[in-house]
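*Asks:* In this text, residue positions in the sequence shown follow this note's numbering: the first is 13, and each later residue adds one.
The beta carbon of each residue, even a glycine, is placed where N, CA and C say it ideally should be.
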Amino acid sequence: MCGFFYGWYLKCQSDTQTLAVIPAIHWKGRRRSCSIQVITESGTWGASFPAEAFRRERGALWIGKNRFGKEGVRLAVREPGLEITGKLRFGSLAALKYDIMGPFSLLPFLECRHQVWSMEHKVQGSVCVNGQEYRFRKAVGYWEGDRGRSFPSQYIWTQSMVPGGSLMLAVADVPVFGRHIRGIICVALLHGREYRLATYLGAKAVQIGKGLVRVVQGDMELEARILEWKAAPLKAPAKGDMARVIHENVSCRAFYRFRKRGQVLVSVETQGASFEYEYPY
Numbered sequence: 013m014c015g016f017f018y019g020w021y022l023k024c025q026s027d028t029q030t031l032a033v034i035p036a037i038h039w040k041g042r043r044r045s046c047s048i049q050v051i052t053e054s055g056t057w058g059a060s061f062p063a064e065a066f067r068r069e070r071g072a073l074w075i076g077k078n079r080f081g082k083e084g085v086r087l088a089v090r091e092p093g094l095e096i097t098g099k100l101r102f103g104s105l106a107a108l109k110y111d112i113m114g115p116f117s118l119l120p121f122l123e124c125r126h127q128v129w130s131m132e133h134k135v136q137g138s139v140c141v142n143g144q145e146y147r148f149r150k151a152v153g154y155w156e157g158d159r160g161r162s163f164p165s166q167y168i169w170t171q172s173m174v175p176g177g178s179l180m181l182a183v184a185d186v187p188v189f190g191r192h193i194r195g196i197i198c199v200a201l202l203h204g205r206e207y208r209l210a211t212y213l214g215a216k217a218v219q220i221g222k223g224l225v226r227v228v229q230g231d232m233e234l235e236a237r238i239l240e241w242k243a244a245p246l247k248a249p250a251k252g253d254m255a256r257v258i259h260e261n262v263s264c265r266a267f268y269r270f271r272k273r274g275q276v277l278v279s280v281e282t283q284g285a286s287f288e289y290e291y292p293y
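1) Roughly how many angstroms separate the alpha carbons of A59 and C198, rounded to a whole number?
2) Kindly provide the ranges of any beta strand (DSSP E) runs that are 3 or more residues long and lie completely inside the stretch 147-181, ordered along the chain.
3) According to DSSP, is G114 helix, strand or coil?
4) In terms of DSSP beta bridges, what is A35 paired with?
5) Start and end of the beta strand (DSSP E) containing F17?
6) Can you tell me whether DSSP reads A65 as helix, strand or coil?
7) How close, in whole Å, do the beta carbons of S286 and S172 come, if the pair is a contact with beta carbons under 8 angstroms?
8) Hey, is V50 close to the ligand SAM, as in C-beta under 7 angstroms from one of its heavy atoms?
9) Excluding the five sequence neighbours on either side, which residues of its own chain have a C-beta within less than 6 angstroms of the C-beta of Y167, listed in chain order?
10) Which of the three DSSP states is assigned to T211 in this structure?
11) Just list the residues that DSSP pairs L202 with in beta bridges.
12) Roughly how many angstroms lie between the CA atoms of V218 and P92, to the nearest whole one?
13) Which residue's Cα is closest to the Cα of Y293: A255, S263, P245, L239?
14) Can you look up Q29 in the DSSP assignment and give me helix, strand or coil?
15) Relative to the C-alpha of A266, which candidate in V50, I34, V174, I112 has its C-alpha closest?
16) Count the other CB atoms, across all protein chains shown, that sit within 10 Å of the CB of K109; report buried if there are 16 or more and exposed otherwise.
17) Output yes if chain C places a C-beta closer than 8 angstroms to the C-beta of V280; else output no.
18) Is the separation between the beta-carbon of Q136 and that of R161 shorter than 8 angstroms?
19) Considering only their Cβ atoms, is the gap separating F17 from A32 smaller than 8 angstroms?
20) Contact between the stretch 231-245 and the stretch 257-265 is defined here as three or more beta-carbon pairs at a separation below 8 angstroms; is this criterion met?
21) Just the C-alpha distance for L105 and W39, rounded to the nearest angstrom, thanks.
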């Protein structure tokens, strides 16, 4: 077996603090385990567990005493040098109209499949990481997931809350039958309306480089640019093994502009963008 992983990314953000939690299970050959990673503006932390600690139940994931699902997150990690405790409650989720992968979700050979569970929802509660408290009152959240064998060799991923809603963009190098194509998935949820750009809808990345990505599809155009590099290391899957190191800016300065039919629907510089830029910078 060439390996497998399955994980979620749950981001919670207030006006002053950001915290993302990543529960996952992964295996390569006979080596199986699960993990919880936490990332904030201050750094990253991780804990490993035996595969038997992982279970799915009624739409939720459990890793030991830690629970993740549509109701929220409960954390109880205690090991030498690391203590993470707390509870976060989620409001109603903003789900997409259909699978972000579209017809590509049916292809059996993709190395990674993406899913968006909620573009935005309310978050209440607090989490303590090694004595540092993260308090969320009238905060917002975002929830997505991945499964497959490996993260793409080169990719850009970004997510941010913007005036009127939330947006997510991923551009990746995708191997298909010995060739490589540039795959795109993107959603801007603005004032309750969903705008989607994707390879299966004709989207093209017309510019990538120096922290910038620009995607065009018909009469829609999205530009995202990272303006501040505050990346922290995270473990990522490579053929099921969490052996790769990627770097995420969980809350950094970035610029977004989204246009449709020449009309600017979003043009904002924010301090709270999440950005992974795994292309040559």
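*Replies:* Inspection of the coordinates gives the following:
1) Taking the first residue of the sequence shown as position 1, residue 59 is located at position 47. Taking the first residue of the sequence shown as position 1, residue 198 is located at position 186. Distance between the alpha carbons of A59 and C198 is about 31 angstroms.
2) Whole beta strand (DSSP E) segments, 3+ residues: 167-174.
3) What you label residue 114 is simply residue 102 of the sequence shown in a count that begins at 1. It is helical.
4) In the sequence shown, counting from the first residue as 1, residue 35 sits at position 23. Residue 35 is actually Pro in this sequence, not Ala. According to DSSP, which records beta bridges pairwise, P35 is partnered with I48.
5) As a position in the sequence shown, residue 17 is number 5, starting the count at 1. The continuous beta strand (DSSP E) containing F17 extends over residues 16-25.
6) On the sequence shown, residue 65 is found 53 positions in, with the first residue counted as 1. A65 carries a helical assignment under DSSP once its states are collapsed to helix, strand and coil.
7) Within the sequence shown, numbered from 1, the residue matching residue 286 stands at position 274. Within the sequence shown, numbered from 1, the residue matching residue 172 stands at position 160. Here S286 really is in contact with S172; their C-beta atoms are around 7 angstroms apart, less than 8 angstroms.
8) With respect to the ligand SAM, the structure shown offers nothing to examine, as it has no ligands at all.
9) If you number the sequence shown from 1, residue 167 lands on position 155. Excluding positions up to five away in sequence, the list reads A184, E290.
10) On the sequence shown, position 199 is the one that residue 211 refers to. In the three-state reduction of the DSSP assignment, T211 falls in the helix class.
11) Numbered from 1 along the sequence shown, position 190 holds the residue referred to as residue 202. Per DSSP, G177, R205.
12) Residue 218 sits at position 206 when you count from the first residue of the sequence shown. Residue 92 sits at position 80 when you count from the first residue of the sequence shown. For V218 and P92, the distance between alpha carbons rounds to 48 angstroms.
13) What you label residue 293 is simply residue 281 of the sequence shown in a count that begins at 1. Considering only alpha carbons, the answer is L239.
14) For the purposes of this step, residue 29 is taken as residue 17 along the sequence shown, with counting starting at 1. The three-state secondary structure of Q29, taken from DSSP, is coil.
15) Translated into the one-based positions of the sequence shown, residue 266 becomes position 254. Among V50, I34, V174, I112, the Cα nearest to that of A266 belongs to V174.
16) For the purposes of this step, residue 109 is taken as the residue at position 97 of the sequence shown. Around the beta carbon of K109, fewer than 16 other beta carbons sit within 10 angstroms, so the residue counts as exposed.
17) Among the chains of the structure shown, chain C does not appear; only one protein chain is present.
18) Locating residue 136 in the sequence shown gives position 124, counting from the first residue. Locating residue 161 in the sequence shown gives position 149, counting from the first residue. Not in contact: Q136 and R161 (Cβ atoms no closer than 8 angstroms).
19) Walking along the sequence shown from the start, residue 32 turns up at place 20. Walking along the sequence shown from the start, residue 17 turns up at place 5. The Cβ atoms of A32 and F17 do not sit closer than 8 angstroms to each other.
20) The stretch 231-245 is in contact with the stretch 257-265.
21) Numbered from 1 along the sequence shown, position 93 holds the residue referred to as residue 105. Numbered from 1 along the sequence shown, position 27 holds the residue referred to as residue 39. Rounded to whole angstroms, L105 to W39 spans 30 angstroms at the Cα level.
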